[in-house]
Amino acid sequence: MKVRSDILRYASLFLVGCILVGYILYLSLRTVGIAAVYTNDNFSDVLVTNFPLTDKGKINWWLENKGKLSENYGIPNPSPDSGRFSITFWDFGSGYKEEGKYDRLCFDAWKAKDNCIDKNAVFSVRQIKNDRTLLITYDGRYLLQDNGDVVNVERE
761 MKVRSDILRY
771 ASLFLVGCIL
781 VGYILYLSLR
791 TVGIAAVYTN
801 DNFSDVLVTN
811 FPLTDKGKIN
821 WWLENKGKLS
831 ENYGIPNPSP
841 DSGRFSITFW
851 DFGSGYKEEG
861 KYDRLCFDAW
871 KAKDNCIDKN
881 AVFSVRQIKN
891 DRTLLITYDG
901 RYLLQDNGDV
911 VNVERE
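Following our numbering, the numbering of the sequence shown begins with 761 at its first residue and continues without gaps.
So, in structure tokens, the structure goes:
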């Protein structure tokens, strides 16, 4: 009987492990969706679904898709004076909502009663002084070097 219960225990652990690996694989292979892009001068808001979860995934997604964003949506749109820009990627998972009593970001260009989203920024890209690109995630800040390397920047 002990052998049988050990086999069941190991089979259960194996099954749970397979489910976890499958779920992680599913999360990593999801396609990022762009629901909308709103621009105001050199500031852009991009509403996304299925955005990568890790800092590395977010940065790699940006590096692989910045040309498509420029071609399809005209972003980034640098300021003519300074060359600076700011793009914020917002989680659009729960869709548009009414302004309500919560702290929400609303878009006047979307002419509907439900024209707001919950403020859940998942990633930001900014062109800062000296033509440096700053990549901002929930967990860290990174500078994109001229040679393509990404370097972690300590917060002050």
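Each residue gets a CB set at the ideal place from its N, CA and C atoms; glycine is no exception.
Where the alpha helix (DSSP H) containing Ser830 begins and where it ends: Here residue 830 is taken as the residue at index 70 of the sequence shown, counted from 1. First-last of the alpha helix (DSSP H) with Ser830: Asp815 to Tyr833.
Would you list the residues sitting across from Gln887 in a DSSP beta bridge? Locating residue 887 in the sequence shown gives position 127, where the first residue counts as 1. According to DSSP, which records beta bridges pairwise, Gln887 is partnered with Phe845 and Thr893.
Identify every residue that forms a DSSP beta bridge with Lys873. Within the sequence shown, the letter at position 113 stands for residue 873. Answer is none; Lys873 lacks a bridge partner.
Own chain residues within Cβ distance below 7 angstroms of Phe852, not counting five before or after: Numbered from its first residue, the sequence shown carries residue 852 at position 92. Here the set comprises Ala795, Leu807, Val808, Thr809 and Ile877.
Secondary structure at Phe774, three-state DSSP: helix, strand or coil? Your numbering for residue 774 matches position 14 in the sequence shown. Phe774: helix per DSSP, three-state reduction.
Please identify the residue among Ser884, Val882, Glu859 and Arg886 whose C-alpha is closest to the C-alpha of Asp874. Residue 874 sits at position 114 when you count from the first residue of the sequence shown. Here the closest residue by C-alpha is Glu859.
Between the segment 896 to 903 and the segment 811 to 820, can you find at least three pairs of beta-carbon atoms closer than 8 angstroms? yes
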